[in-house]
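Below is one structure, written out as structure tokens, with a few remarks after it.
Chains as they are written, first to last, in this note's numbering: chain A, 5 to 718; chain B, 144 to 404.
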């Protein structure tokens, strides 16, 4: 047979048709599809048995209960525990990403010597670093000109804190510094008013009649966030929350009303509101004798008389009608919790600011009442007590240029004190700064040495009572992963440094200190224990021994102290009844009014603000900042359109912010809800920390600072 | 019109279940926990530094929308937007040339099969809610972080589209559990999407819209409930609720007045 062109074409056509009708091309297509989606660089998540474990979040003092979904031993997802007695199922965005922290690309696995000026590490072996630090510590004992030893404890109240306090006591003038937590500082006004049995106060937010928040970030990281959220969900009447803040924050968005106030005038508004309550006799009836006593103080009378609603309105930028209405509302819904600040890094207020705002707590009967500020016992003390402990000191109490050796525990609340504030306290050019951290970028502009420590989910960490909680509470954050070999607990570093400095030192251990704490809690027989695994609440006295209680803690449990019997506050102990307090407040108010009355020219007021929920090292945090507009990014500057127009600035433009302390490059973001004349810059925790541009007053307070904002011509 | 086209038009309308969600906008505090829990659950990769809100991937995205007023009357609402699980003439289903999008007849959930996806992005153009996302980059996690991925969900490659499927892996796990217990049916109570599980304010409620007694059905019937761009007739299964009239009015504007910061 002759094969012609037609046969060839028929064969090819038939072959093509036959192949198309066979499974072959579809199988090839399927395989190619699968193959092209399984490149070697696309990770294949390892499979394994799903195991649920429990722990307590150690990323901030709130101590939320956490359910950890593990594949084998590897945590793959975290979520809150709905029945948890303090967090009520809440876990913030940062907490949800806690299992990413061990894999931070910036993680250090060896002690690091930093050249802070050059922003790079210096080659030095761990032994050499320990030897250097030992010598520097030993010099403090012999050379008075070397300055004092100081240590900053980011989470005071732990047994680890005892090791820090004991180390500080080894040096002449050794100082144990507790960062200025806004909630604790606020409650300090009432210290000692309930007697020695109740050295602390808590906030009974669940039963509050109303809440007047002066910039407290109630829905953005304040205190134990789950408590307020639960109250919001369960209360038909709502929170009766009034947010007084220059920025329309997320908390302001959740509040029943928002009063946009001029920055720095919060204490004046508080005194103005107090004046309305006193004039209208709307204060708690039981306080009549106390108010009579206050009225005997001439400065008190003069100050309140000088701040009628009309005058207060003029100073604070809020209408007189809103001031009168707010005063009447909080008086009508007692007890009213007046809360000032509280952000972990947004900056504390001054002592006098807290005095002014807390006057409202006194007037509405919140002090010592259900739903107000309640007395709280301290955690049961370790027995026998650890000897030679330095007393806690506020940073403001440390003289400038006095610290020769500074240790910073950066394991919990990151960057809670701006570098600029710390730098003022250091002996110039001679001080040694050591940071306990998992990354070399923590206080990188300040630190000379970074000693690696385990992170959350790797570390055995005690979680003491949260600053706002109404009763003492305790739990453990238990390790679910192994830390890198060189990352050891801060207590172990303290032991090694003490050995290197040849101090008279009996080594301490985190585990032993924690065991002692469990023994103390078991011994007090008070309170109840919540088990994370089964949600059961069991009386402390039902645990047969401290070992049994310890076992419960290690598998996930929280201890809550029982509520104390009602205690009457001794009001006469309060600073309000000392005439000099009012003289001081009067002077301070006059100073603020003077600052406020200066005409606005080319300047704006710089207001740093914290975005606590996204302060995490996880790369997924970018979903909330770069990949959406939910949170401002580092370097954003929020200003009102009217301010932008005055300064000839537009959305998205690069600009420079300048104060007497330095300059910062920012990106302009227009925000209709910002008080005109202010610029709000988020605290990013990086070198570009806007707090370092703020004026720092004598009491180490940084807040509203005049600044110049000008466009950068590219 | 053919029967199959009719079926495509009515996709999911007559499903035995209509899984959907109610979002209480007066409760959402804009914390973003839903966005992160979703990313963790569904192995959504972080994107490079240069990515912005148009190239990022967030199966549920919380928008900040303003009332357009000037200071001091300016107000903000947080609007979580996810795939609206359209039940009628589902736009992405209608345009997909690859049959990579379908509506589950059992649950009414609009599913996306990245294995079939060609990356043509017709579905993104068709979606009126901007709830679909394209993988502009290969999924890359920092070293070690790949150990934290959820083994129940395969990471997607560069060049395909993805979107919310109401946590399909959780639904599958619930189906497997139901099967092990001798049941063929999965009820809405048997599982919750990750965003609903972690929402700290209780703003998200998930359930079966076919069950009149379910929480989500009750919320959907609330007089203050609405759906986004309802006039398009896509019959979304995501309901929103707010007592504020200016927020309800936003629904018809497609969040066009959303704030930039």
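C-beta atoms are modelled at their ideal positions from N, C-alpha and C, and glycine is treated no differently. From a predicted model like this one, the values you see are computed outputs, not experimental measurements.
query	result
The stretch 267-281 of chain B: which residues have C-beta closer than 9 Å to a C-beta of chain A, in chain order?	281
Let me check understanding here. Comparing Cα to Cα, which of 368/B, 179/B, 162/B lies closest to residue 337/B?	179/B
Which residues of chain B have a Cβ atom closer than 9 Å to the Cβ of residue 617/A, listed in chain order?	174, 175, 176
Give me, in chain order, the residues of the same chain whose beta-carbon lies closer than 8 Å to that of residue 701/A; leave out the 5 immediate sequence neighbours on both sides.	354
In chain order, what residues of the stretch 532-563 of chain A put their CB closer than 7 Å to some CB of chain B?	none
Go through the stretch 434-486 of chain A residue by residue and report every complete run of the beta strand (DSSP E) that reaches 3 residues or more, in order.	436-441, 453-456, 465-467, 477-481
So, is the C-beta of residue 353/B closer than 8 Å to a C-beta in chain A?	no
Kindly indicate which residue of 652/A, 87/A, 275/A has the alpha-carbon position closest to the one of residue 320/A.	275/A
To the nearest angstrom, how far is it from the Cα of residue 287/A to the Cα of residue 343/B?	35 Å
If I follow the unbroken beta strand (DSSP E) through residue 166/B, where does it start and stop?	162-167
Using a Cβ-based criterion (distance less than 7 Å to any ligand heavy atom), does residue 137/A qualify as near the ligand MN?	As far as ligands go, the structure on display features none, and thus does not contain the ligand MN.
Could you tell me which residues DSSP puts in a beta bridge with residue 214/A?	340/A
Which residue spans inside the stretch 7-39 of chain A form an unbroken alpha helix (DSSP H) run of at least 4?	9-25
Looking at the strands, I want to know which residues DSSP matches up with residue 115/A.	Paired residue(s): none; residue 115/A is not in a bridge.
Find the residues of chain A that neighbour residue 101/B, judging by a C-beta separation of less than 8 Å, and give them in chain order.	Because residue 101/B is not part of the residues shown, which for chain B are 144 to 404, the question remains open.
Inspect the beta-carbon positions of residue 509/A and residue 440/A and report whether they are closer than 8 Å.	no
For residue 147/B, name the three-state secondary structure that DSSP assigns.	The predicted position of residue 147/B is uncertain, since its pLDDT is 49 and thus under 50; no value can be drawn from it.
For residue 348/A, which of helix, strand or coil comes out of DSSP?	Model confidence at residue 348/A stands at a pLDDT of 45, short of 50, so the residue's coordinates are unreliable; what they give is reported in the following sentence. Correct three-state label for residue 348/A: coil.
Under the rule that 16 or more other beta-carbon atoms within 10 Å means buried, what is residue 225/A, buried or exposed?	buried
If you measure from the beta carbon of residue 203/A to each beta carbon in chain B, is any gap under 8 Å?	no
Can you tell me the Cβ-Cβ gap for residue 222/B and residue 309/B, rounded? I've got them flagged as a contact below 8 Å.	So it is not a contact: roughly 18 Å between Cβ atoms.
Count the other CB atoms within 10 Å of the CB of residue 13/A; is the residue buried (16 or more) or exposed (fewer)?	exposed
Just reading off the alpha helix (DSSP H) that residue 525/A is part of, what are its end residues?	514-528
By the DSSP assignment, the beta strand (DSSP E) with residue 165/A in it spans what residues?	Run containing residue 165/A: none in the beta strand (DSSP E); it sits in the alpha helix (DSSP H), 163-172.
With respect to the beta strand (DSSP E) encompassing residue 337/B, which residues constitute its N-terminal and C-terminal limits?	Element bounds for residue 337/B: not the beta strand (DSSP E) but the alpha helix (DSSP H), 337-341.
Indicate the three-state DSSP secondary structure (helix, strand or coil) for residue 613/A in the structure shown.	strand
Closer than 8 Å is the cut-off here; do at least three beta carbon pairs connect the stretch 206-215 of chain A with the stretch 382-396 of chain A?	no
Specify the secondary structure class of residue 311/B as computed by DSSP and reduced to three states.	helix
Closer than 8 Å, CB to CB, is residue 380/B near chain A or not?	no
Nearest chain B C-beta to residue 713/A closer than 8 Å, yes or no?	no
What does DSSP give as the partner residue(s) for residue 255/B in the beta ladder?	244/B
Closer than 9 Å between beta carbons: that is the criterion. Which residues of the stretch 656-689 of chain A meet it against chain B?	656, 673, 674, 675, 676, 677, 678, 679, 680
From what residue to what residue does the alpha helix (DSSP H) around residue 198/A run?	Careful: residue 198/A lies outside any alpha helix (DSSP H) and carries neither H nor E.
Going by DSSP, what residue range makes up the beta strand (DSSP E) through residue 139/A?	No beta strand (DSSP E) holds residue 139/A; the alpha helix (DSSP H) holding it covers 130-146.
I need the straight-line Cα distance from residue 663/A to residue 424/A, nearest angstrom please.	13 Å
Flag residue 361/B as yes if its beta-carbon sits less than 8 Å from any beta-carbon of chain A, otherwise no.	no
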